């Protein structure tokens with residue numbers, strides 16, 4: 227593995243002190259956001275929110291639970307660690323501004339491995355114009371643990387909650403669904419083949435879109451910007467990290483509503499359909515329950531429909547109903563099924 | 227151990243889903259800060275800073291590296307996890323406002339164990355009037371990993387950096403030093419005795435002050451308030467997490483100055499002196515290099531001296547000099563020694 231400490235040319239992390247290590251890893255990061263007044267180097271970073279609402283969210287990623295370094299390159303992991311947090315700010319209809327990054331790694335990680343991780347993290351910071359303003363790098367007993375906190379901001383009247391959808395509003399999703407989950411299945415399969423036959427050369431080309439969705443997801447800040455441009459104020463919003471089904475149920479429960487979600491409307495990429503067949507899975511099930519797509523799911527008023535109609539980035543997939551009707555899937559044949567959350571549970575993962 | 231999953235009455239964490247688990251653990255937390263508009267339950271928390279400067283800092287604590295559950299009760303660990311972060315906001319002369327808490331634990335931890343941890347964390351939140359507004363609870367492959375991020379705020383003209391000390395200013399420290407380190411030595415010794423003889427009943431009473439300094443440290447928000455009341459604006463400030471020597475060097479380097487630190491002025495509790503002797507250690511060395519006291523170290527203008535003179539919470543321990551003179555310790559006998567940072571390095575810890 228690239229990141230293990232077997233190479234004589236590699237540098238043990240312990241050769242640097244804790245301060246020198248953080249200084250070394252973060253030296254390429256420059257503050258670009260006018261609200262970031264002081265970054266790394268004091269007891270706390272100093273920021274100034276330009277808008278009335280400050281936003282904060284945090285996520286922890288654990289090796290062997292949330293990611294597998296067997297097929298997740300460290301650069302991509304760094305990028306994704308930033309993206310999954312930035313996505314939470316987008317889900318509030320806000321703009322991300324700062325990040326903090328804490329990392330615990332065992333002694334098997336080299337300095338070069340950490341550099342790859344920080345490099346990917348820096349690429350995400352640059353892409354989303356977010357500043358790294360704090361963090362911690364320490365040792366773990368086993369594996370790698372990543373904790374990221376993101377700050378963002380929004381104008382008070384733009385901030386969008388999960389709880390403010392209303393009856394009859396339209397349910398809209400960005401992009402397409404199921405790709406990231408199938409990308410993971412493809413990578414898992416290749417890993418198993420590789421373990422049996424290390425000479426095997428995988429051909430991932432047909433699965434390029436799926437693998438990219440898994441390894442290098444993007445937060446839909448472009449959708450936040452698009453909605454502003456279209457002058458559409460979403461009434462409620464959430465990002466799809468755990469699967470469409472689970473997130474629709476969250477929106478319904480938080481807004482005390484039901485919904486009708488039309489199977490035929492769910493946006494699914496052709497590669498997801500063909501690869502689902504290859505894996506003997508139903509594409510709708512993959513789109514409903516596969517997580518990590520980081521698309522945005524939101525509701526809009528009926529009167530806003532003309533503003534989004536025909537936009538290739540946005541698909542109306544259903545509408546909100548009274549709570550008593552529950553969250554329902556309307557199949558292609560017109561049958562109704564209650565949506566079920568296959569909520570991902572970190573404590574039930576096998577390792 | 228109290229926190230292991232051996233008891234039939236205990237509850238496995240995996241019996242609850244991830245959302246239900248977080249909901250259960252955080253249900254006792256109420257928002258009390260007017261700046262905390264929305265707490266846990268949406269994609270991000272929504273906050274409003276009342277002052278111009280927002281502050282953010284983060285810390286990661288790893289079992290076996292930063293703490294030992296063999297003698298650290300989980301309630302205390304929860305309290306301390308909040309305190310060490312709050313201390314960073316105090317070190318900017320700010321007031322803490324919100325916290326996020328992410329926790330990764332292996333399957334050996336029961337729900338009851340996590341409840342104890344959150345209980346301690348809640349006590350710190352209540353004591354410092356800080357709101358828990360976000361977090362994550364997930365599984366780890368080994369042990370417990372805690373990541374806390376703290377937000378705070380300060381008026382622009384009050385925010386205090388490490389870099390703004392000036393030549394001839396007075397170096398001041400709050401409280402007394404070395405206690406937390408000796409508390410750790412006492413607990414380590416008891417643990418070793420216990421391993422040899424499990425029937426052994428430890429008598430920690432003579433070491434009560436030291437053990438409390440280690441297990442239940444406090445952030446010196448009271449000092450931030452005291453300085454405001456005394457109308458003293460510190461010119462530079464840092465908290466003492468790694469030992470006085472290391473922090474004095476940070477202040478000097480960041481302010482591009484030297485300093486003279488007088489051994490005889492360093493505030494040391496009588497219990498630290500007697501217990502240092504028992505451990506055959508020099509009390510000055512313990513005060514200079516023992517960490518985790520979380521006292522504040524700061525500089526003030528000479529003209530502010532009358533305002534703090536005689537205050538039992540504050541001790542002038544030296545003064546700043548030109549950079550060329552370096553950071554020096556002036557011993558009781560008048561000799562000069564360069565201060566040395568025995569900077570704690572997580573990657574060099576034995577386990």
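Protein chains in written order, with the numbering used here: chain A, 227 to 577; chain B, 227 to 577. Virtual Cβ for every residue (Gly too), placed ideally from N, Cα, C. Since we're looking at a predicted model, the values are computed, not measured.
Problem - residue 553 of chain A beta carbon less than 8 Å from that of residue 462 of chain A - result: Along the first chain, read from residue 1 onward, the residue named residue 462 of chain A stands at position 236. Along the first chain, read from residue 1 onward, the residue named residue 553 of chain A stands at position 327. No; because the gap between Cβ atoms is not below 8 Å, this pair is not in contact.
Exercise for the section: Could you pull the start and end residues of the beta strand (DSSP E) that residue 283 of chain B belongs to? Expected result: Within the second chain, numbered from 1, the residue matching residue 283 of chain B stands at position 57. Annotation for residue 283 of chain B: the continuous beta strand (DSSP E) segment containing it runs 279-288.
Exercise for the section: Answer yes or no: does any C-beta atom of chain A fall closer than 8 Å to that of residue 283 of chain B? Expected result: By 1-based counting over the second chain, the position of residue 283 of chain B is 57. Judged by the 8 Å Cβ criterion, residue 283 of chain B is in contact with chain A.
Handout entry: Neighbourhood of residue 387 of chain B by C-beta, 7 Å cutoff - its chain only, sequence neighbours within 5 removed
Key = The residue labelled residue 387 of chain B in the question sits at position 161 within the second chain. Taking residue 387 of chain B as the centre and dropping the five residues before and after it, the same chain places the C-beta of 462 closer than 7 Å to its C-beta, in chain order.
Problem - Neighbour flag for residue 369 of chain A against chain B, beta carbons, 8 Å - result: Against the first chain, residue 369 of chain A aligns to sequence position 143. Yes, residue 369 of chain A lies at the interface with chain B (some Cβ there is under 8 Å from its Cβ).
Problem - chain B contact residues for residue 310 of chain A, given Cβ-Cβ distances below 9 Å - result: Taking the first residue of the first chain as 1, we reach residue 310 of chain A at position 84. Neighbours of residue 310 of chain A on chain B: none; closest Cβ ~11 Å, over 9 Å.
Practice task
Drop a sphere of 10 angstroms on the beta-carbon of residue 531 of chain B, count the other beta-carbons inside from all chains shown, and report buried for 16 or more, exposed for fewer.
Solution key: Here the question's residue 531 of chain B lines up with position 305 in the second chain. Within a 10 Å sphere around the beta-carbon of residue 531 of chain B sit fewer than 16 other beta-carbons, which makes this residue exposed.
Practice task
May I have the straight-line CA-CA distance separating residue 264 of chain A from residue 411 of chain B, to the nearest angstrom?
Solution key: As a position in the first chain, residue 264 of chain A is number 38, starting the count at 1. As a position in the second chain, residue 411 of chain B is number 185, starting the count at 1. In a straight line, the C-alpha of residue 264 of chain A is about 37 Å away from that of residue 411 of chain B.
Exercise for the section: List the residues of chain A that residue 388 of chain B touches, going by C-beta distances under 9 Å, in chain order. Expected result: Taking the second chain and counting its residues from 1, the one referred to as residue 388 of chain B is at position 162. Within 9 Å Cβ-Cβ: 267, 268, 269.
Exercise for the section: Determine the extent of the beta strand (DSSP E) in which residue 379 of chain B is found, giving its start and end residues. Expected result: Position 153 of the second chain holds residue 379 of chain B. Where residue 379 of chain B is concerned, the enclosing beta strand (DSSP E) stretches over 370-380.
Handout entry: Distance between residue 251 of chain A and residue 371 of chain A (C-alpha atoms, nearest Å)
Key = Along the first chain, read from residue 1 onward, the residue named residue 371 of chain A stands at position 145. Along the first chain, read from residue 1 onward, the residue named residue 251 of chain A stands at position 25. In a straight line, the C-alpha of residue 371 of chain A is about 17 Å away from that of residue 251 of chain A.
Practice task
Indicate whether the contact test is met: 3 or more Cβ pairs, each with one atom in the segment 390-404 of chain B and one in the segment 511-529 of chain B, closer than 8 Å.
Solution key: Pairwise C-beta distances place the segment 390-404 of chain B in contact with the segment 511-529 of chain B, as three or more of them are shorter than 8 Å.
Handout entry: Alpha carbon of residue 512 of chain B to alpha carbon of residue 355 of chain A, nearest angstrom
Key = Here residue 512 of chain B is taken as the residue at index 286 of the second chain, counted from 1. Here residue 355 of chain A is taken as the residue at index 129 of the first chain, counted from 1. Taking C-alpha positions only, residue 512 of chain B is separated from residue 355 of chain A by approximately 45 Å.
Problem - Segment contact flag, the segment 377-385 of chain B with the segment 478-497 of chain B, C-beta cutoff 8 Å, min 3 pairs - result: In this structure the segment 377-385 of chain B does not touch the segment 478-497 of chain B; the number of beta carbon pairs closer than 8 Å is below three.
Handout entry: Bridge partner(s) assigned by DSSP for residue 488 of chain A
Key = The sequence position of residue 488 of chain A within the first chain is 262, counting from 1. Answer is A:556, bridged to residue 488 of chain A.
Handout entry: Neighbour list for residue 286 of chain B in chain A, Cβ cutoff strictly below 7 Å
Key = For the purposes of this step, residue 286 of chain B is taken as residue 60 along the second chain, with counting starting at 1. In chain order: 328, 330, 362, 364, 373.
Handout entry: Closer than 9 Å at the beta carbon, the chain A residues around residue 291 of chain B
Key = The residue labelled residue 291 of chain B in the question sits at position 65 within the second chain. Contact annotation for residue 291 of chain B against chain A: 330, 364, 365, 366, 367 [CB-CB distance below 9 Å, chain order].
Handout entry: Cβ shell of residue 241 of chain A (< 8 Å), same chain only, five flanking positions each side left out
Key = To locate residue 241 of chain A, count along the first chain from 1; it is residue 15. Only 337 meet the Cβ criterion.
Exercise for the section: Report the option in B:549, B:448, B:284 whose CA atom is closest to the CA atom of residue 484 of chain B. Expected result: Looking up residue 484 of chain B in the second chain gives position 258. Ranking the options by Cα distance to residue 484 of chain B, first place goes to B:549.
Handout entry: Where residue 496 of chain A falls, given that 16 or more other Cβ within 10 Å makes a residue buried
Key = Within the first chain, numbered from 1, the residue matching residue 496 of chain A stands at position 270. That one is exposed.
Practice task
Could you tell me which chain B residues have their CB closer than 8 Å to the CB of residue 357 of chain A, listed as they occur along the chain?
Solution key: For the purposes of this step, residue 357 of chain A is taken as the residue at position 131 of the first chain. Annotation: residue 357 of chain A has no Cβ neighbours in chain B at a cutoff of 8 Å; minimum Cβ distance is about 11 Å.
Practice task
Compile a chain-ordered list of the residues in the segment 492-504 of chain A whose CB is closer than 9 Å to at least one CB of chain B.
Solution key: For the segment 492-504 of chain A, the beta-carbon criterion of a distance under 9 Å to any beta-carbon of chain B is satisfied by none of its residues.
Problem - Cross-chain neighbours of residue 318 of chain A in chain B, by beta carbon under 8 Å - result: Position 92 of the first chain, counting from 1, holds the residue named residue 318 of chain A. One finds 268, 269, 270, 272 in chain B with Cβ atoms closer than 8 Å to the Cβ of residue 318 of chain A, taken in chain order.
Exercise for the section: Give a yes or no on contact between the segment 291-305 of chain A and the segment 415-434 of chain A, applying the rule of three or more CB pairs nearer than 8 Å. Expected result: Contact between the segment 291-305 of chain A and the segment 415-434 of chain A is present, because at least three Cβ pairs lie under 8 Å.
Problem - Beta carbon of residue 453 of chain A nearer than 8 Å to that of residue 544 of chain A - result: Within the first chain, numbered from 1, the residue matching residue 453 of chain A stands at position 227. Within the first chain, numbered from 1, the residue matching residue 544 of chain A stands at position 318. Against a cut-off of 8 Å, the Cβ pair of residue 544 of chain A and residue 453 of chain A comes out as no contact.
Handout entry: Simplified DSSP state of residue 418 of chain A, which is helix, strand or coil
Key = On the first chain, position 192 is the one that residue 418 of chain A refers to. Correct three-state label for residue 418 of chain A: helix.
Practice task
With distances taken Cα to Cα, identify the nearest neighbour of residue 269 of chain A among B:324, B:286, B:373, B:311.
Solution key: Taking the first chain and counting its residues from 1, the one referred to as residue 269 of chain A is at position 43. Nearest of B:324, B:286, B:373, B:311 to residue 269 of chain A, Cα basis: B:311.
Exercise for the section: Please report how far the alpha carbon of residue 448 of chain A lies from the alpha carbon of residue 519 of chain A, in whole angstroms. Expected result: Within the first chain, the letter at position 222 stands for residue 448 of chain A. Within the first chain, the letter at position 293 stands for residue 519 of chain A. Straight-line Cα distance between these residues: approximately 15 Å.
Problem - Cβ contact (3+ pairs, closer than 8 Å) linking the segment 326-340 of chain B and the segment 256-263 of chain A - result: No contact exists between the segment 326-340 of chain B and the segment 256-263 of chain A.
Problem - Cβ-Cβ separation, residue 303 of chain B to residue 339 of chain B (assumed contact under 8 Å), whole Å - result: Counting from 1 along the second chain, the entry for residue 339 of chain B is found at position 113. Counting from 1 along the second chain, the entry for residue 303 of chain B is found at position 77. Not confirmed; about 10 Å, so no contact.
Practice task
Using only alpha-carbon positions, find the residue among B:326, B:347, B:325, B:430 that is nearest to residue 443 of chain B.
Solution key: Along the second chain, read from residue 1 onward, the residue named residue 443 of chain B stands at position 217. Scanning B:326, B:347, B:325, B:430 for the CA closest to the CA of residue 443 of chain B turns up B:347.
Practice task
Tell me whether residue 236 of chain B sits in a helix, a strand or coil according to DSSP, three-state version.
Solution key: What you label residue 236 of chain B is simply residue 10 of the second chain in a count that begins at 1. Look at residue 236 of chain B here: in three-state DSSP terms it is coil, with no helix or strand label.
Practice task
Could you give the DSSP three-state label for residue 265 of chain B: helix, strand or coil?
Solution key: Position 39 of the second chain, counting from 1, holds the residue named residue 265 of chain B. Coil, per DSSP.
Problem - Distance between beta carbons of residue 373 of chain A and residue 286 of chain B, contact taken as under 8 Å - result: Numbered from its first residue, the second chain carries residue 286 of chain B at position 60. Numbered from its first residue, the first chain carries residue 373 of chain A at position 147. Rounded, the Cβ-Cβ distance is 6 Å, consistent with contact.
Practice task
Taking only beta carbons into account, state which residues of the segment 439-471 of chain A come closer than 7 Å to chain B, listed in chain order.
Solution key: Considering only beta carbons, the part of the segment 439-471 of chain A lying closer than 7 Å to chain B consists of 464, 465, in chain order.
Exercise for the section: Quick one: grab the DSSP three-state call for residue 299 of chain B. Expected result: The residue given as residue 299 of chain B occupies position 73 in the second chain. Looking at residue 299 of chain B - three-state DSSP - the assignment turns out to be coil, as it is neither helix nor strand.
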